[in-house]
């Protein structure tokens, strides 16, 4: 056991420390509980422990921020991200109840959070890799996004309260990761990139040599850094979603800060597209599109269209800002979110294909030929989304580009 | 004397308290100094004391934040604005040395700042009312603005350091004043507005009934609230400038926060236009344009054109951001600042004519007929700037609209 004094100084806990921690610091389990603990984290930044009482079946998650990122110790991170995560989960629970795990306890010394165990859910990316369908996902995630994004913005929230939240969630280190990995490195031949051999020629020609594309990514990057529009999740990919057929829980909001609302929507779309492209390129030759691929098509379309529709309904219901009620302002505001959505979806498609952090949807494709095709499609779609982002207003618009590139490549 | 204990609790100082304060808290004056103190403030928010040693001639300013705004006790303000002011003056002195008063001391208990006495300078608005010309002003103020705005932005400043400054200068109360008085109230028949009788019909028809104009003001307002681009002064009118022929000092940065860079440039332009319109409408009939009016024409033109030119030079000199160096990005970035400049100049022209806080340039015009003409010109110019802000790229563009409206009205 590394240490059992949790009151004075941070240390990285091991499984046996966590059992001790739960016993002395929380009153969550029954007195006669017999606790088991297992580290189950597979993310890039944190340690995640599942603690379970074998007697009564109760369970809890303890998530502890490590002193450096697990993906690479190049990223030195302040453990303040755990404070951000626990506070954001509480805010999300207020704005979009039922779509995030409950937080029971936050400990600023050990930099850990005790939260609801969602072991009956699966990480959505894994479930999608198993070709599972979730027909309610589009409905759930759009409710979550409309509520968290619109209700935290100046359109609805009292402006001084919003500014207090802006201040509270300035997030320099995690934002720097996104600035570098999403908006900068994927667009030149950076040593930290990780480009699949078969895809390299395409990247050099279509991405790194395209000045018009690079200019648009700079605009998106500066907007990401300066546009304090909504309290965004900041990392809303399918690995940040716990899912089962009747429930969707958004986790891991440690990248949260006030940024462009379209950032979250764009990340959801891009990561659904990775699953879709995987689903299509790994089909047996000549076979019909599976129900699973149909589910993904419908979900990509619905995420955009339901977001649109629910955003308008929520606007009419919640808007408090006098000038936001001027005729035409909602259309202007929503159009700018949709434009950002397409641009960000494009950046995410490109950066997860050629940058430092890949997605299993692509890397797990065993055939080099099929993987190359899948990656080229993602890059071509991403590029088109960025360059044509002004014109992507509906789910159909997204599917048109996606199908066009699938046919061409 | 209200109190002589300056260490424990804030109180609003009177002149005799300030003398005591300077003696016990600062080591600025010589031992045998004989101090005189006078409250000389005429702003809306603070008390300004000039303390002078009659023996040696040394002098200093003590500026204390009052608990409420002087213009109206409706505005309850946290005295944190004095902390903001003193810190901003130091930052401005680093970024644009010589263009702000030196700060000697900041006291967070008494909420006051000791700073350089600029009694040999005049408040620029007063000097302009006396028809004084300052041929170096355009050069000085554009250097100040390019340096403070560009060097505090993500284009130049290290991004994590910039985010720390964003956090440090979140300014909810002062921003709320601008949100209400600049962007909201002037555009409907608000009880706090103060509309000159002769101008009222014009306001009702041309401003309050124009939905297209109002929509554009909402866009500008939301951008003001969300666009954390540069550390702006936030109130850069001719009453915030101390001037003499060879020196320009920008004071009163208590409204500072990270906002759109064009906000400062637009305020300078609008307030020069008030002086210009005053100068033209109060000319004797049939007389030639005076040298003073020519100085204002040239200064309005030069502020835009020198800002443009110096911005490009500073960009090439100071830019550190890799993606900001992409071909075309500077043009995009500068164009968006110029667009905001025109929009904000328009809002300032309208709000200072019909809103709560007026300018002497208009209210001092004795002839009701001339004042009405001056006000209508300012409103028409302001409206055109807002609606045509995409197309205002040069000083000439500004003067064209200004002269066109002067001829029409």
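Residue numbers (the working numbering), protein chains in the order written: chain F, 726 to 1134; chain R, 726 to 1134. For every residue, glycine included, the Cβ atom is placed at its ideal position computed from N, Cα and C.
| Asked | Found |
| --- | --- |
| C-beta neighbour in chain R for residue 909 of chain F, strict 8 Å | yes |
| Sheet register partners of residue 771 of chain F (DSSP bridge) | F/790 |
| Alpha-carbon spacing of residue 788 of chain F relative to residue 831 of chain F, whole angstroms | 10 Å |
| Chain R contact for residue 958 of chain F (CB, 8 Å cutoff) | no |
| Residue 918 of chain R vs residue 910 of chain R beta-carbon contact at 8 Å | yes |
| Test: residue 1100 of chain R CB closer than 8 Å to a CB of chain F | no |
| Residue of F/748, F/772 and F/763 minimising C-alpha distance to residue 756 of chain F | F/748 |
| Validate contact between the stretch 810 to 825 of chain R and the stretch 967 to 985 of chain R using beta carbons, cut 8 Å, 3 pairs | yes |
| Residue 973 of chain R and residue 862 of chain R closer than 8 Å at C-beta | yes |
| Neighbour list for residue 900 of chain R in chain F, Cβ cutoff strictly below 9 Å | 884, 885 and 888 |
| Length at least 4, wholly inside the stretch 982 to 1006 of chain R: the alpha helix (DSSP H) runs in chain order | 987 to 1006 |
| Helix, strand or coil at residue 918 of chain F according to DSSP, with G and I counted as helix | coil |
| Entirely enclosed beta strand (DSSP E) segments - the stretch 918 to 985 of chain F, minimum 3 residues | 955 to 957, 966 to 969, 972 to 975 and 982 to 984 |
| Cα-Cα separation between residue 1132 of chain F and residue 916 of chain F, rounded to whole angstroms | 32 Å |
| Under 8 Å between C-beta atoms of residue 1137 of chain R and residue 1112 of chain R | Coverage of chain R is limited to positions 726 through 1134, which leaves residue 1137 of chain R absent and any answer about it impossible. |
| CB contact check: residue 1051 of chain F to chain R, cutoff 8 Å | yes |
| Within 8 Å, strictly: CB atoms of residue 913 of chain R and residue 1101 of chain R | no |
| Residue 1057 of chain F at chain R interface by Cβ criterion, 8 Å | yes |
| Which residues DSSP lists as bridging residue 1097 of chain R, in chain order | Its beta-bridge partners do not exist; DSSP assigns none. |
| Cα-Cα separation between residue 753 of chain R and residue 785 of chain R, rounded to whole angstroms | 8 Å |
| Members of the stretch 975 to 1002 of chain R near chain F, C-beta cut-off 7 Å | none |
| Touching by the beta-carbon criterion (3+ pairs, under 8 Å), the stretch 988 to 998 of chain F and the stretch 1013 to 1020 of chain F | no |
| The stretch 1077 to 1091 of chain R / the stretch 1043 to 1060 of chain R touching (three or more Cβ pairs under 8 Å) | no |
| Nearest candidate by alpha-carbon position, reference residue 1138 of chain R, set R/742, R/779 and R/952 | Nothing about residue 1138 of chain R can be reported from this structure: the residues present for chain R run from 726 to 1134 only. |
| Backbone secondary structure at residue 847 of chain R - three-state DSSP | strand |
| Per-residue DSSP class, three states only, for residue 1117 of chain R | coil |
| Inside the stretch 1061 to 1105 of chain R only - alpha helix (DSSP H) runs reaching at least 4 residues | 1085 to 1088 |
| CA nearest to the CA of residue 770 of chain F, picked from F/960, F/839 and F/781 | F/960 |
| Beta-carbon proximity check, residue 905 of chain F vs residue 957 of chain F, cutoff 8 Å | no |
| Proximity test, Cβ basis, 8 Å: residue 950 of chain R and chain F | yes |
| Chain-ordered residues of the stretch 1034 to 1050 of chain F with a beta carbon less than 7 Å from chain R | 1047, 1048 and 1049 |
| Cut-off 6 Å between Cβ atoms - residues of its own chain near residue 1084 of chain R, not counting five sequence neighbours on either side | 999 and 1077 |
| Other residues of its chain near residue 1115 of chain F: CB distance less than 7 Å, five sequence neighbours each side excluded | 1064 |
| For residue 924 of chain R and residue 945 of chain F, the rounded distance between their alpha carbons | 44 Å |
| Sub-8 Å separation of residue 1032 of chain R and residue 881 of chain R beta-carbons | no |
| Whole-number beta carbon distance between residue 827 of chain F and residue 841 of chain F, since they are thought to touch under 8 Å | 4 Å |
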